[in-house]
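This note's numbering puts the first residue of the sequence shown at 1, with every later residue one more than the last.
Heads up, the beta-carbon is just placed ideally off N, CA and C, and yes, glycines get one too.
All figures in this text were calculated on a predicted structure; none of them were measured in a lab.
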Amino acid sequence: MENILTWKDELATGFADVDLQHKKLILIINDIHVAMNEPETTYATGMAKALKRLTEYTYYHFEEEEKFMKLHDYPEFEAHHLEHQSFIEQVGKQIKTLSKANSEDGFLFYRFLGSWLINHIAKSDQAWASFVSEKTLND
Ligand SMILES: [Fe+2]
Ligand SMILES: [Fe+2]
1 MENILTWKDE
11 LATGFADVDL
21 QHKKLILIIN
31 DIHVAMNEPE
41 TTYATGMAKA
51 LKRLTEYTYY
61 HFEEEEKFMK
71 LHDYPEFEAH
81 HLEHQSFIEQ
91 VGKQIKTLSK
101 ANSEDGFLFY
111 RFLGSWLINH
121 IAKSDQAWAS
131 FVSEKTLND
């Protein structure tokens, strides 16, 4: 079973900074996959570290993306912001269940992160990206 997330070219928004940030998020999510397979003795510290990176980098990325959308008066800004918020909330809730090694919880969390991110990039991020690129073409 393919359970390591990979970047695909069709996920590209065409905005280099954002694409780099998305690639980095995929790497961070894959580090969680590595951490959840750690033996019980190192699991807690490894997982805590990986989750800290995930939350910090997610905040950073969402902030950057939202600044960019605002700069270009993206009309669906509020809805997009809410998607980001609800992701942060869901991650916050699920993190609490991951302090003890349990490969099933870890795997479900990993699957959730991966599918949320890929879906969000493929739909919502592509939507603002095409709005902004059309707008800048016509400016
Ligand atoms: Fe987004
Ligand atoms: Fe994004």
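Per DSSP, what kind of secondary structure is Lys23 in: helix, strand or coil?
-> helix
What residues sit near ligand 1, counting only those whose C-beta is closer than 7 Å to one of its heavy atoms, in chain order?
-> Phe62, Glu65, His80, Glu83, His84, His120, Ser124 and Asp125
So does His22 have its beta carbon nearer than 7 Å to some heavy atom of ligand 2?
-> yes
Flag Val34 as yes when its Cβ comes closer than 7 Å to any non-hydrogen atom of ligand 2, and as no otherwise.
-> no
Around the Cβ of Tyr59, are there at least 16 other Cβ atoms within 10 angstroms (buried) or fewer (exposed)?
-> exposed
Using the C-alpha atoms, what's the distance from Phe62 back to Lys23?
-> 14 Å
Less than 8 Å separating the beta-carbons of Leu27 and Leu98?
-> no
Determine the contact status of Ile32 and Leu54, defining contact as a CB-CB distance below 8 Å.
-> yes
On the three-state DSSP scale, how would you describe Ala127?
-> helix
Endpoints, the alpha helix (DSSP H) within which Thr55 is located = Glu40 to Leu71
Please name the residue, chosen from Gly46, His80, Glu65 and Lys96, that lies closest to Asp17 on a Cα-to-Cα basis.
-> Glu65
Contact check, Trp116 vs Met69 under 8 Å by CB: the rounded distance?
-> Wrong, their Cβ atoms sit about 19 Å apart, outside the cutoff.
What is the rounded straight-line gap between the Cα of Asn102 and the Cα of Met36?
-> 8 Å
Identify whether Phe154 lies in helix, strand or coil by the three-state DSSP scheme.
-> Residue 154 is absent from the model: the chain starts at 1 and stops at 139.
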